[in-house]
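Just below is one structure, and these are the notes that go with it.
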Amino acid sequence: MVDLRAELAGIRLRNPTMLASGILDETAGSLLRVHRAGAAAVVTKSIGPEPREGYANPTVVELEMGLLNAVGLPNPGIAEFEREVRQAVGGGATVIGSVYGKDAEEFAKVASAMAGYGVVAVELNLSCPHAKGLGTEIAQHGDAVAEITRAVKDVVSVPVFPKLSPNVSNIAAFATAAERAGADGVVAINTVKAMTIAPELKMPVLANRFGGLSGPAIRPIGVRAVYDIHEAVDIPVVGVGGIASGRDALEYIMAGASAVQLGTVLMSRGVGAFEAVLKEMAALLEEIGLASVREAIGVAHE
Amino acid sequence: MSRIQIVPLLDVVRESSLTTTYRFRADIGGDAGQFVMVWIPKWDELPMALSYLGPVKGITVRAYGDATKALQSFKPGDRIGVRGPYGNTFRLEGERVLAVAGGTGVTSLIASVEAFAQQGAKITTAIGARTAEELVFVDRAGASGETHIATDDGSRGLHGFVPVLAEKLLAKGRYDQVIVCGPERMIKLVVDAALKRNLKVQASLERYMKCGVGICDACAFDDKLVCLDGPIFPGEVLAASEDFGAFRRDKSGRRVPL
Chain L
814 MVDLRAELAG IRLRNPTMLA SGILDETAGS LLRVHRAGAA AVVTKSIGPE PREGYANPTV
874 VELEMGLLNA VGLPNPGIAE FEREVRQAVG GGATVIGSVY GKDAEEFAKV ASAMAGYGVV
934 AVELNLSCPH AKGLGTEIAQ HGDAVAEITR AVKDVVSVPV FPKLSPNVSN IAAFATAAER
994 AGADGVVAIN TVKAMTIAPE LKMPVLANRF GGLSGPAIRP IGVRAVYDIH EAVDIPVVGV
1054 GGIASGRDAL EYIMAGASAV QLGTVLMSRG VGAFEAVLKE MAALLEEIGL ASVREAIGVA
1114 HE
Chain S
577 MSRIQIVPLL DVVRESSLTT TYRFRADIGG DAGQFVMVWI PKWDELPMAL SYLGPVKGIT
637 VRAYGDATKA LQSFKPGDRI GVRGPYGNTF RLEGERVLAV AGGTGVTSLI ASVEAFAQQG
697 AKITTAIGAR TAEELVFVDR AGASGETHIA TDDGSRGLHG FVPVLAEKLL AKGRYDQVIV
757 CGPERMIKLV VDAALKRNLK VQASLERYMK CGVGICDACA FDDKLVCLDG PIFPGEVLAA
817 SEDFGAFRRD KSGRRVPL
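Residue numbers (the numbering used here), protein chains in the order written: chain L, 814 to 1115; chain S, 577 to 834.
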């Protein structure tokens, strides 16, 4: 039997798969459903200080190579979200709270409240590619990543994982800035800024015009990012972006990821994706003679 | 994956003062009870039941918000986007079926009424509307079986709410199952009435949606998703639900009273 257990900044995980932020994670019912389906941890929708409706539809466009979205960070706000987190934690899920804010102070305020609800870690959304005044727009430089990370680290005792954007020239430099500021790990990558146009209508399909691309198309971009980050830092990396199979997950792990997140694949494989990916991963590890996931982490660097 | 298709409207038919049917040809499947996401360019993308199946499909839309009002000005040749079909279908579980439709619910139910009749079921349809002018698909329901009407203002049929009509029909007729669509509180009354009589009942729910494909969590109730697990749910599931008939999620994901 292949040992699938994983560990991330002191958090013990029953396997290396987690639910990526933004997918089936705005309600306790859905978080628990994904937990029951096998995810070792579930990351919440990114939560901000106040309720936010997000953008008008179309917010989601299915493409042959992935999914394009500009949902616009809809969320019920941190106060209202307490009910969902407590219910999910109470139901047995290992919950990681994703938060966003317009500046370091707001991030710290939301993260502090989130930590109080019983999450095992906080993920910082520094990388939403389509929200004005938030996400990538305020984390254009390593300095901003460091400032926000430090502000959150000052107010929470659980591990802090900044989630990084691939829409920069050198993602590893951002990981280094996060590590220096005290981050306990980093998550890479968020979606890739993208657009699709309906020629018959001569206009972009998304109401926001551009958005973030996820799914199979971005997997090689994510694997490269994780590989570069693993070279640059000593803190653990969580790999995310286009993982649809156990083989895909192992690519990320061999590039240096200690755990992986699944998101868009839930659209095609449903919540059964977790069990399927784990089964495929175990079979492949066995085939290549590795006894555990841990032994596979970063092996592509040797 | 079901990519969005941009299609010209072939026909636009005003069904009542507020309700219009839009016909289009789209290379997608589609069974009775399923829905499509309809992009009204520059306005919105909304889930809509297929009111006509086959090669030339149709949606029947009540103008109630900015986007659906804007759609009223669309003419044949104007283009909309459609993706899908999504969701499940009503299952025929007996020989005698009572279909109960409130308001726009009839647009979600009518294809199933016709499909059940074609499968040999004896189908009775109860259609409710605020006023006679807003009734739609009475003729189509009548072509598939017995039809009863209720209007809130008494301008046609029973003067009253359609669950009252449904209750009367259930009291005097014999049915094997009930199917229902309409405003959620109306659905709840009909589901309760059916379950009280130990009848099988399935209801088609409507919720705010963004993705339509089971990932955004906007249409969640309890641990279910209307887009992926529904839109049609068996009565037992609804009876056991904390949210059904009581709470929905708003655009920000807040749980708010219906």
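The beta-carbon is built from N, C-alpha and C at its ideal position, and this holds for glycine as well. The structure displayed is predicted, hence computed values, not measured ones.
Chain S contact for residue i (CB, 8 Å cutoff)
i       : result
L:P1033 : no
L:M927  : no
L:N870  : yes
L:M1008 : no
L:N888  : yes
L:V873  : yes
L:V884  : yes
L:E893  : yes
L:E919  : no
L:L1103 : no
L:L876  : yes
Min CB distance residue i to chain L below 8 Å
i      : result
S:P617 : yes
S:E621 : yes
S:G730 : no
S:K744 : no
S:V817 : Before going further, note that residue 817 of chain S is Ser rather than Val in the sequence given. No, S:S817 lies away from the interface with chain L (no Cβ there is under 8 Å from its Cβ).
S:R824 : no
S:G829 : yes
Supposed contact pair residue j and residue i - C-beta distance, whole angstroms, cut 8 Å
i       : j       : result
L:A1070 : L:G1052 : 3 Å
L:M927  : L:I891  : 7 Å
L:M1094 : L:A1068 : That pair is no contact at about 14 Å.
L:I836  : S:I791  : 5 Å
L:R1032 : L:G1055 : 3 Å
L:L876  : L:K915  : Not a contact, Cβ separation roughly 31 Å.
L:G1025 : L:Y1065 : Rounded, the Cβ-Cβ distance is 18 Å, inconsistent with contact.
S:G788  : S:M624  : S:G788 to S:M624, Cβ: 10 Å. No contact.
Same chain, Cβ closer than 6 Å to residue i, five either side skipped, listed in chain order
i      : result
L:K922 : none
S:I580 : G657 and R659
S:L685 : A675, A677 and C757
L:A994 : A959, T962 and R963
S:F666 : G609, S688, I755, Q778 and I808
L:F894 : I860
Cut-off 7 Å between Cβ atoms - residues of its own chain near residue i, not counting five sequence neighbours on either side
i      : result
S:L741 : A702, G704, H724, A726 and L734
S:V631 : The question names Val, but residue 631 of chain S in the sequence shown is Pro. If we look at S:P631 and ignore the five residues flanking it on each side, its Cβ neighbours are R601.
L:G842 : none
Same chain, Cβ closer than 8 Å to residue i, neighbours up to 5 away in sequence not counted
i      : result
S:F823 : F797, R831, V832, P833 and L834
S:R716 : I686, V689 and E690
S:R706 : G679, T727, D728 and D729
S:E760 : L781, E782, F820, G821, R824 and L834
S:R750 : R672
Between the region 851-866 of chain L and the region 932-952 of chain L, can you find at least three pairs of beta-carbon atoms closer than 8 Å? yes
Taking only beta carbons into account, state which residues of the region 822-849 of chain L come closer than 7 Å to chain S, listed in chain order. I836, L837, D838, E839, T840, G842, S843, L845 and R846
Taking a cut of 8 Å between CB atoms, which residues from the region 1064-1090 of chain L lie near chain S? G1076, T1077, L1079, M1080, S1081 and G1083
Indicate whether the contact test is met: 3 or more Cβ pairs, each with one atom in the region 799-813 of chain S and one in the region 823-832 of chain S, closer than 8 Å. no
Near-chain L residues of the region 788-801 of chain S (beta-carbon distance less than 9 Å), N- to C-terminal order: G788, V789, G790, I791, C792, D793, A794, A796, F797, D798, D799, K800 and L801
Count the C-beta pairs between the region 592-599 of chain S and the region 625-637 of chain S that are closer than 8 Å, then say yes if the count reaches three, no if not. yes
Tell me which residues of the region 648-666 of chain S have at least one Cβ-Cβ distance to chain L shorter than 7 Å, keeping chain order. R655, G657 and R659
Cβ pair count under 8 Å reaching 3, the region 856-872 of chain L against the region 1011-1028 of chain L: yes
The region 1086-1104 of chain L / the region 609-624 of chain S touching (three or more Cβ pairs under 8 Å): no
Along the region 776-787 of chain S, what residues have a CB closer than 9 Å to any CB found in chain L? M785, K786 and C787
Taking any Cβ of chain L, which residues in the region 578-601 of chain S have a Cβ under 7 Å from it, in chain order? S578, R579, I580 and I582
If the cut-off is 7 Å on Cβ atoms, which residues from the region 994-1025 of chain L count as contacting chain S, listed in chain order? A1011, E1013, L1014, M1016 and V1018
Please determine if the region 960-976 of chain L and the region 910-928 of chain L are in contact, where contact requires at least 3 C-beta pairs separated by less than 8 Å. yes
With a cut-off of 8 Å, do at least 3 Cβ pairs link the region 679-687 of chain S to the region 1031-1047 of chain L? no
Output, in sequence order along the chain, the residues in the region 855-868 of chain L whose CB is closer than 8 Å to any CB in chain S. K858, P864, R865, E866 and G867
With contact counted as at least three CB pairs below 8 Å, one residue from each stretch, are the region 768-784 of chain S and the region 692-700 of chain S in contact? no
Would you call the region 939-946 of chain L in contact with the region 882-891 of chain L, where contact means no fewer than 3 C-beta pairs closer than 8 Å? yes
Examine the Cβ distances between the region 1074-1086 of chain L and the region 1095-1109 of chain L and report whether three or more of them are shorter than 8 Å. no
The region 1096-1106 of chain L touching the region 991-1009 of chain L, judged by at least three CB pairs closer than 8 Å: no
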